[in-house]
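Working notes for the structure below.
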Amino acid sequence: MSLTLHGYWRSTTAYRVRIALALKGVAYAQVTHDLRKSAEREAGYRALNPQGLVPALETDGAVLTQSPAILEWIEETYPNPPLLPADAKGRAIVRAMAATVACDIHPVNNLRILNALRAEFGADEAAVNRWIARWIGEGFAALETQIAHYGDGFAFGATPTIADCHLVPQVYSAERFAVDLSPYPKLKAAAENARALPAFAAAHPDRQPDADRA
Ligand SMILES: N[C@@H](CCC(=O)N[C@@H](CS)C(=O)NCC(=O)O)C(=O)O
0 MSLTLHGYWR
10 STTAYRVRIA
20 LALKGVAYAQ
30 VTHDLRKSAE
40 REAGYRALNP
50 QGLVPALETD
60 GAVLTQSPAI
70 LEWIEETYPN
80 PPLLPADAKG
90 RAIVRAMAAT
100 VACDIHPVNN
110 LRILNALRAE
120 FGADEAAVNR
130 WIARWIGEGF
140 AALETQIAHY
150 GDGFAFGATP
160 TIADCHLVPQ
170 VYSAERFAVD
180 LSPYPKLKAA
190 AENARALPAF
200 AAAHPDRQPD
210 ADRA
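Anchor point for the sequence shown: position 51 equals 50 in numbering that gives the first Met the number 0, and the numbering is continuous, going up by one each time.
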């Protein structure tokens with residue numbers, strides 16, 4: 000099956016998909032859409048993803064959108080190594096941890112939200128950074144408790160899961176916006192442990208072909 004990932008190096012949602020594909024050892028092509036130039040809103044790309052957001056994953060005969068759905072498709076299509084626990088309770092907890100990032104942190108800190116804060120609500124960069132840190136902090140505080148309870152090297156258990164596919168990109172974003180991670184030592188340790196794996200390293204934004212070069 001041939002796969003093409005439409006993304007952008009610094010997109011944390013595309014980063015989730017890159018991690019999952021790398022963990023599964025699945026090869027794919029990449030097409031970049033420069034978010035700084037609003038390329039994701041162009042008509043050609045909207046024909047693939049009507050939401051005009053990255054990522055989208057082109058497979059034989061379908062275009063998949065929404066990174067959590069894409070991760071579930073990857074898990075079902077390439078079951079090894081598994082990124083979800085074997086038991087239903089474990090799967091629900093992992094999906095809940097992922098949803099804390101995907102539903103409760105990332106959407107309110109997305110580019111178009113930040114641009115609306117700047118353009119329509121008069122927020123300066125200091126206010127935007129406070130906004131970002133506020134929502135990351137709320138989500139990370141909850142994840143810190145869950146990782147302390149369920150983690151064993153990774154966010155849940157002793158092997159990477161879909162929770163880590165969400166956590167590591169969100170930590171990347173937190174670091175980019177200089178959010179203090181010292182209140183979340185377990186979360187930080189889990190992210191660092193995951194990042195040390197070659198699959199996570201290969202998926203890092205700076206390693207992507209469209210990354211800014213110094
Ligand atoms: N819930 C979607 C969110 C996708 C999303 O918001 N992607 C961002 C990049 S991380 C984007 O395309 N932003 C462009 C914009 O806000 O205009 C997913 O997980 O795939």
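Every residue, glycine too, gets a C-beta built ideally from N, C-alpha and C.
Is DSSP giving residue i helix, strand or coil here?
i      : result
His217 : Nothing about residue 217 can be reported from this structure: the residues present for the chain run from 0 to 213 only.
Ala148 : Looking at the sequence provided, one finds His at residue 148 rather than Ala. His148: helix per DSSP, three-state reduction.
Thr3   : strand
Gln169 : helix
Gly138 : helix
Gly121 : coil
Measuring alpha carbon to alpha carbon, tell me which residue in the options is nearest residue i.
i      : options                   : result
Asp163 : Ala154, Val170, Pro67     : Ala154
Arg17  : Arg212, Asp205, Asp211    : Asp205
Glu137 : Trp8, Lys88, Thr99, Val53 : Thr99
Asp33  : Leu20, Thr12, Trp8, Glu57 : Trp8
How long is the line joining the alpha carbons of residue i and residue j, rounded to whole angstroms?
i      : j      : result
Gly150 : Tyr183 : 13 Å
His148 : Asn192 : 17 Å
Tyr27  : Arg15  : 14 Å
Gly6   : Val93  : 24 Å
Ala61  : Ala55  : 10 Å
Leu186 : Leu166 : 8 Å
Asn48  : Leu4   : 12 Å
Cys102 : Ala125 : 24 Å
Ala115 : Glu41  : 19 Å
Ala173 : Arg212 : 21 Å
Ile135 : Ala188 : 17 Å
Pro168 : Gln29  : 18 Å
Val127 : Pro67  : 26 Å
Ala201 : Ile161 : 17 Å
Just to confirm, are residue i and residue j a CB contact at a threshold of 8 Å?
i      : j      : result
Pro159 : Leu83  : no
Lys36  : Ile73  : no
Ile131 : Asn109 : no
Ala19  : Val53  : no
Bridge partners for residue i per DSSP, in chain order?
i     : result
Thr58 : Ala61
Thr99 : In the DSSP output, where bridge partners are listed per residue, Thr99 has none listed.
Gln29 : Leu4
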